[in-house]
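Numbered according to the numbering used here, the sequence shown spans residues 676 to 873.
Built from N, CA and C at the ideal position, the CB exists for glycine as well.
The structure appears right after this line, and notes come after that.
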Amino acid sequence: MAPRSPEAARLLSLAADYMLRHGVGGISLSRLAKDIGSNNRMLLYYFGSKDELFTAAILRAYERFPGLHGLMAALRDGDGGLEERIAYGWRTIRAAEHRAYVALLFESFSIAVREPTENRSQIAAVGAEWPAGLTDLFLAHGREPAVARREATQLLALWRGLQFTLLEGTDIAELDEAHDRAVASMFGGGGRTERSEG
């Protein structure tokens, strides 16, 4: 959602700053408005609803982390075999400079799913590009479309679980080893007998 005016863009940037610093737990629209120097009426005028504002702010925050924002393209277009690309993907996600966004992602999603009717946009937007991007990665490595979609789901589930464990404070080396072993087990062998005939 592109801001409709310079003022909307400014407020959106401030909202993203706030969320990255403080998270979203327990934040009301009134509180956010006050803390970023605005008011409810202005935020609703520019963004329509709390859900739309929070979704736009989370997406704006995501754009500030080019390693994450550009990760799907980097995986698709990068060098190396499938396991090397997946390892690169995980190590990009778990990098220290991305921790604030990973925390925001988990927090915002957990809050959104508690009240799904009020937070439809957040649920749809958070991580929406990754399933398609990972499917493209597996397609590029010879998987049939149905297999590529299934393996993309498996990899995303692995990454989400490891991100949760990362936020708990588990040692990075332990997580990297667990990741690489799981990837070798799940996807090793270059696709086995599931490669495309075309």
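Check, Outcome
"Cβ-based neighbour list, W834, same chain, cut-off 7 Å, excluding 5 preceding and 5 following", "W765, I768"
"Whether L718 touches L686 by CB criterion (8 Å)", "yes"
"Assigned secondary structure, S688 (DSSP; H/G/I helix, E/B strand, else coil)", "helix"
"Whole-angstrom distance between R696 and S783, CA atom to CA atom", "13 Å"
"Collapsed DSSP secondary structure at R735 in the structure displayed", "helix"
"Range covered by the alpha helix (DSSP H) that runs through I752", "Residue identity check: residue 752 is Asp in the sequence provided, not Ile. Where D752 is concerned, the enclosing alpha helix (DSSP H) stretches over 746 to 752."
"Minimum Cβ-Cβ distance from R856 to chain D less than 8 Å", "Of the protein chains in this structure there is only one, and it is not chain D."
"Sequence ranges, alpha helix (DSSP H) only - wholly within the stretch 801 to 838, length at least 4", "804 to 815"
"DSSP state of T767 mapped onto helix, strand, coil", "helix"
"The stretch 771 to 787 in contact with the stretch 725 to 741 per 3-pair CB rule at 8 Å", "yes"
"Close beta carbons around Y693, own chain, < 7 Å, minus the five adjacent residues each side", "L707, D710, I711"
"V788 versus A778: straight-line alpha-carbon distance, rounded", "16 Å"
"Touch test, the stretch 813 to 825 against the stretch 839 to 846, Cβ-Cβ under 8 Å, three pairs minimum", "no"
"Cβ neighbour criterion (16 or more within 10 Å) applied to N714", "exposed"
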